[in-house]
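Working notes for the structure below.
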Amino acid sequence: MLIALDEHADAGIAIAKRALAHTESEIKMPLLFENKPTFADLLAAAGCRSIGPSAGAAPALAHGTRDIDTHGTTVIAVKYRDGLINVADRRATAGNTVMYDQAEKVLALDDYTLISISGSFAKSVEVVRYLRHTFKYFERSQLQPMSQGGKLMELQRVIANNMPAALQGIGAFIPVLSTFDRETNQGHIYFYDAMGGQFETAEYGAAGSGSGPIRGAFEYILRTRGPFREMSAEDALRESLTLLEIAADLDTATGGSAKYLPAAKYITADGIQDFTDDEIKRALGRI
Amino acid sequence: MPYSPYDWNESIQQRNEFIEDRLKDGSPVIALTYGEGLLLFSMRQTQRKIYEIYDRLMMSAIGNHSDIEQIRVGAIDAAHVEGFQRSPDDVSVQRLISFNISPAIKRVYSDPFAQPVVFRGVFAELGKTEDRDTMIVVSYDGEFRNSPRMAVVAGTAYAEDRMSAYLKTETESGTANLAVALRASLYAWGIGMKHLQTDDRADADYSESGEPAADISSVVSKHLSDRWTPEAAVLERNTSRENRFRMLTERDLAETVSKYQ
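One line per chain: the protein sequences are H and S, in this order.
Those letters in the first sequence? Residues 274 to 560, by the numbering used here.
Those letters in the second sequence? Residues 3 to 263, by the numbering used here.
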């Protein structure tokens with residue numbers, strides 16, 4: 274009797290299972306595309322190895338690591354009365370060789386954010402491309418811009434992800450980020466260490482091999498001329514280009530302005546603009 | 003029971019009726035190229051209708067919002083992977099539609115056990131020059147057609163025809179600027195809406211010389227007073243901003259709308 278009941282029960286379950294299987298195969302949600310929560314997930318799903326958070330396992334560390342010191346350049350970000358200014362030299366080096374004299378190291382991440390890069394040029398360009406796509410992908414798919422905090426977190430994560438490569442002496446990059454917050458009408462400057470640690474500065478930020486030698490000069494300007502954030506655009510540009518010239522004098526990996534003018538951009542509430550060649554020449558005292 | 007060609011025919015017919023019935027109330031969309039850019043225009047009650055897809059790509063559609071949303075996100079995904087892996091220049095509306103969007107829509111349309119998408123939309127791509135602006139209208143069966151300079155999407159083929167006819171004569175000598183494009187778009191929207199409402203396909207006294215302006219104005223005015231709001235976005239050819247896409251604000255649209263208020 275008991276056995277018979279069990280058999281009945283089994284048969285019932287089997288029928289239920291069949292019915293369930295049947296409905297599952299017949300009723301389909303027509304998912305045209307699978308949605309991806311982040312750009313990094315999207316790239317991973319597309320089989321593209323990226324530098325984002327889903328980049329996968331980092332390569333094994335080489336035996337004996339080196340200091341992270343491959344960032345021959347000078348990039349400077351300062352605040353001024355209406356926003357922020359970024360200047361950078363244009364030299365790209367490989368060891369003791371000057372590879373290129375027209376490198377563009379101040380790049381726009383969005384309409385109100387500039388990233389000035391030091392370190393491996395190839396890695397930096399890839400990071401900038403990745404971040405641009407990440408920010409835009411978020412805004413376009415979520416229908417709201419990524420928050421300031423979200424953008425900063427993405428950058429920190431990319432730098433932290435790059436740590437193993439940086440320790441091997443390949444592909445280290447350390448940026449300075451300048452961003453203008455339209456809600457508070459204020460500029461912010463952030464600099465980073467190789468682990469993705471983020472530091473906000475009140476007046477200025479600099480990165481690259483030329484930034485160390487001129488650090489004292491920043492402090493001298495602050496004490497003798499007053500804070501950058503109260504300067505006019507002309508004054509702030511002149512001071513930052515002078516600092517860049519000093520860096521070029523003291524650091525072999527930083528290019529001077531004799532051959533090609535340095536890059537100089539500014540961010541205000543109206544977005545990002547280039548300083549014109551004439552404005553740069555005037556600030557350098559050539560006009 | 004054997005599955006005959008007749009069954010197939012009938013099932014397709016039923017699907018078409020099901021979808022067309024749901025599309026016919028959609029608020030028409032107009033895509034129009036003008037000198038410095040490309041305009042997408044529509045009127046809406048609640049849901050947003052115009053979306054940015056990629057650097058030089060935007061879309062708008064009528065249909066079920068959940069279907070539109072899926073297609074929108076699918077297009078954004080495909081465009082971003084391509085743009086990152088190769089170059090933003092390799093993302094083109096032609097490739098996106100023929101190899102991603104259209105096949106996916108076609109797949110659910112021809113699967114008798116899947117619910118088809120209720121969707122008809124226009125994808126617009128900003129070219130380097132005006133004559134290279136491209137617009138593609140995609141329908142719920144995966145079928146698409148390419149149209150240069152302008153495109154319309156509406157609930158019925160007849161309404162689309164009337165809108166196209168008006169825009170064709172209006173833009174024959176080119177569209178000078180955004181203000182002109184907006185004015186023509188809003189009027190074309192009124193035409194589309196009128197013909198959707200009156201279902202006057204067999205209307206005999208329709209004159210080829212043009213729409214009776216008073217009728218169209220009253221259609222537009224009525225919707226504006228019923229709290230319909232215009233929605234428009236542009237892709238700008240010459241801009242220093244990172245994003246070429248820009249949603250027009252209420253202020254940008256005030257002048258165009260004021261004529262009907």
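Ideal placement from N, C-alpha and C gives every residue a C-beta, glycine not left out.
Find the nearest neighbour of proline 310(H) within the set Phe464(H), Phe411(H), Gly544(H), Ala509(H), judged by alpha-carbon distance.
-> Along the first sequence, one-based indexing puts residue 310(H) at 37. The candidate whose alpha carbon is nearest that of proline 310(H) is Phe411(H).
Where does isoleucine 99(S) land, buried or exposed, given buried means 16+ other C-beta within 10 angstroms?
-> Position 97 of the second sequence, counted from the start, is the residue given in the question as residue 99(S). Buried, since its Cβ has 16 or more Cβ neighbours within 10 Å.
Can the beta-carbon of methionine 61(S) be found less than 8 Å from the beta-carbon of alanine 77(S)?
-> Numbered from its first residue, the second sequence carries residue 61(S) at position 59. Numbered from its first residue, the second sequence carries residue 77(S) at position 75. It is a contact, given that the beta carbons lie within the stated cut-off.
Range covered by the alpha helix (DSSP H) that runs through glutamate 399(H) | Taking the first residue of the first sequence as position 1, residue 399(H) is located at position 126. It spans 394-415 - the alpha helix (DSSP H) in which glutamate 399(H) sits, taken as one unbroken run.
Using Cβ-Cβ distances below 7 Å, what residues of the stretch 57-83 of chain S are close to chain H?
-> Gln72, Ile73, Val75, Gly76, Ile78, Asp79, His82, Val83
Check leucine 1(S) in the structure and name its three-state DSSP category.
-> What is shown of chain S runs 3 to 263, which leaves residue 1(S) out entirely.
Give the C-beta separation of aspartate 79(S) and phenylalanine 121(S) to the nearest angstrom, bearing in mind that I take them to be a contact with Cβ-Cβ under 8 Å.
-> The residue you call residue 79(S) lines up with position 77 of the second sequence. The residue you call residue 121(S) lines up with position 119 of the second sequence. In fact, because the Cβ distance is near 17 Å, the residues do not count as touching under 8 Å.
Would a check of beta-carbon distances place valine 110(S) closer than 8 Å to chain H?
-> As a first step, residue 110(S) must be located in the second sequence, where it is residue number 108. So, interface residue.
Around the Cβ of alanine 381(H), are there at least 16 other Cβ atoms within 10 angstroms (buried) or fewer (exposed)?
-> On the first sequence, residue 381(H) is found 108 positions in, with the first residue counted as 1. Classification of alanine 381(H): buried, given that the 10 Å Cβ count is 16 or more.
In whole angstroms, what separates the C-alpha of aspartate 113(S) from that of arginine 46(S)?
-> By 1-based counting over the second sequence, the position of residue 113(S) is 111. By 1-based counting over the second sequence, the position of residue 46(S) is 44. Straight-line Cα distance between these residues: approximately 32 Å.
Output yes if chain S places a C-beta closer than 8 Å to the C-beta of alanine 542(H); else output no.
-> In the first sequence, counting from the first residue as 1, residue 542(H) sits at position 269. Cβ-Cβ to chain S under 8 Å: no for alanine 542(H).
From which residue to which residue does the beta strand (DSSP E) around phenylalanine 43(S) run?
-> Numbered from 1 along the second sequence, position 41 holds the residue referred to as residue 43(S). Run containing phenylalanine 43(S): 39-46, per the beta strand (DSSP E) assignment.
Among Leu516(H), Asn458(H), Ala506(H), which residue has its Cα nearest to the Cα of tyrosine 493(H)?
-> As a position in the first sequence, residue 493(H) is number 220, starting the count at 1. The shortest Cα separation from tyrosine 493(H) among Leu516(H), Asn458(H), Ala506(H) belongs to Leu516(H).
For isoleucine 52(S), the three-state DSSP class (helix, strand or coil) = Locating residue 52(S) in the second sequence gives position 50, where the first residue counts as 1. Strand.
Is the shortest distance between the beta-carbon of glycine 192(S) and the beta-carbons of chain H less than 8 Å?
-> Here residue 192(S) refers to the residue found at position 190 when the second sequence is read from its first residue. Judged by the 8 Å Cβ criterion, glycine 192(S) is not in contact with chain H.
Mind listing which residues of the stretch 125-148 of chain S have their C-beta closer than 9 Å to chain H's C-betas, in chain order?
-> none
Could you give the DSSP three-state label for leucine 557(H): helix, strand or coil?
-> As a working note, residue 557(H) is residue 284 in the first sequence. Coil.
Which residues does DSSP pair with isoleucine 358(H) in a beta bridge?
-> Here residue 358(H) refers to the residue found at position 85 when the first sequence is read from its first residue. According to DSSP, isoleucine 358(H) bridges with Val351(H), Tyr539(H).
Can you round the beta-carbon distance between alanine 433(H) and serine 393(H) to whole angstroms, since I take them to be within the 8 Å contact cut?
-> Working through the first sequence from its first residue, we reach residue 433(H) at position 160. Working through the first sequence from its first residue, we reach residue 393(H) at position 120. Alanine 433(H) to serine 393(H), Cβ: 16 Å. No contact.
Any C-beta of chain H under 8 Å from that of glutamate 233(S) = Here residue 233(S) corresponds to residue number 231 of the second sequence, with the count starting at 1. Not closer than 8 Å to any Cβ of chain H, the Cβ of glutamate 233(S) fails to qualify, so no.
Three-state secondary structure (DSSP) at proline 310(H)?
-> Within the first sequence, numbered from 1, the residue matching residue 310(H) stands at position 37. The answer is coil: DSSP assigns proline 310(H) none of H, G, I, E or B.
Alpha-carbon to alpha-carbon, aspartate 547(H) and serine 484(H) | Position 211 of the first sequence, counted from the first residue, corresponds to residue 484(H). Position 274 of the first sequence, counted from the first residue, corresponds to residue 547(H). Their Cα atoms are separated by approximately 22 Å.
Determine the direct distance from the alpha carbon of alanine 319(H) to that of glutamate 299(H), and round the result to whole angstroms.
-> On the first sequence, residue 299(H) is found 26 positions in, with the first residue counted as 1. On the first sequence, residue 319(H) is found 46 positions in, with the first residue counted as 1. Interpretation of glutamate 299(H) is limited by its pLDDT of 44, a score under 50 that renders its predicted location unreliable; the figure taken from the coordinates is listed afterwards. Those two C-alpha atoms are separated by around 29 Å.
For the stretch 33-46 of chain S, which residues have a CB atom closer than 9 Å to at least one CB atom of chain H, in sequence order?
-> none
Would you verify that the beta carbon of tyrosine 539(H) is, or is not, closer than 8 Å to some beta carbon of chain S?
-> Position 266 of the first sequence, counting from 1, holds the residue named residue 539(H). Taking Cβ atoms only, chain S never reaches closer than 8 Å to tyrosine 539(H), which makes this a no.
Going by other Cβ atoms of all chains shown within 10 Å of its Cβ, with 16 needed for buried, is methionine 372(H) buried or exposed?
-> Here residue 372(H) is taken as the residue at index 99 of the first sequence, counted from 1. Answer is exposed; the Cβ neighbour count stays below 16.
Spatial neighbours of proline 118(S) in its chain, beta-carbon cut-off 7 Å, leaving aside the 5 residues before and after = To locate residue 118(S), count along the second sequence from 1; it is residue 116. Closer than 7 Å at Cβ, skipping near neighbours: Arg17, Ile21, Val110, Tyr111, Tyr142.
Buried or exposed: where does isoleucine 560(H) fall if 16 or more other Cβ atoms within 10 Å of its Cβ makes it buried?
-> Stepping through the first sequence from its first residue, residue 560(H) is reached at position 287. When all chains shown are included, isoleucine 560(H) counts as exposed.
Residues of chain S with CB under 8 Å from leucine 315(H), in chain order?
-> The residue given as residue 315(H) occupies position 42 in the first sequence. Those are Asp79, His82, Val83, listed as they occur along chain S.
Beta-carbon contacts of serine 44(S) that lie in its chain and below 8 Å, excluding the five residues immediately before and after = For the purposes of this step, residue 44(S) is identified with residue 42 of the second sequence, where counting begins at 1. Here the set comprises Ser29, Pro30, Val31, Ile32, Lys51, Ile52, Ser62, Trp191, Pro232, Glu233, Ala234.
Straight-line Cα distance separating phenylalanine 125(S) from glycine 185(S) = Position 183 of the second sequence, counting from 1, holds the residue named residue 185(S). Position 123 of the second sequence, counting from 1, holds the residue named residue 125(S). Glycine is not the amino acid found at residue 185(S); the sequence shown has arginine there. When rounded, the distance between both Cα atoms is 21 Å.
Straight-line gap, serine 505(H) to leucine 357(H) (C-alpha atoms, nearest Å) = Counted from its first residue, the first sequence places residue 505(H) at position 232. Counted from its first residue, the first sequence places residue 357(H) at position 84. Computed Cα separation, rounded: 11 Å.
If we call anything under 8 Å between Cβ atoms a contact, is threonine 35(S) one with methionine 152(S)?
-> Numbered from 1 along the second sequence, position 33 holds the residue referred to as residue 35(S). Numbered from 1 along the second sequence, position 150 holds the residue referred to as residue 152(S). Result yes, Cβ atoms of threonine 35(S) and methionine 152(S) sit closer than 8 Å.
Collapsed DSSP secondary structure at asparagine 148(S) in the structure displayed | Residue mapping note: residue 148(S) aligns to position 146 of the second sequence, counting from 1. DSSP places asparagine 148(S) in strand when its eight states are reduced to three.
Whose CA, out of Asp135(S), Asp57(S), Val75(S), Asn66(S), lies closest to the CA of proline 90(S)?
-> As a first step, residue 90(S) must be located in the second sequence, where it is residue number 88. Comparing Cα-Cα distances from proline 90(S) to each of Asp135(S), Asp57(S), Val75(S), Asn66(S), the minimum goes to Asp57(S).
What are the start and end residues of the beta strand (DSSP E) that includes serine 112(S)?
-> Taking the second sequence and counting its residues from 1, the one referred to as residue 112(S) is at position 110. Note, serine 112(S): premise wrong, no beta strand (DSSP E); alpha helix (DSSP H) at 104-112.
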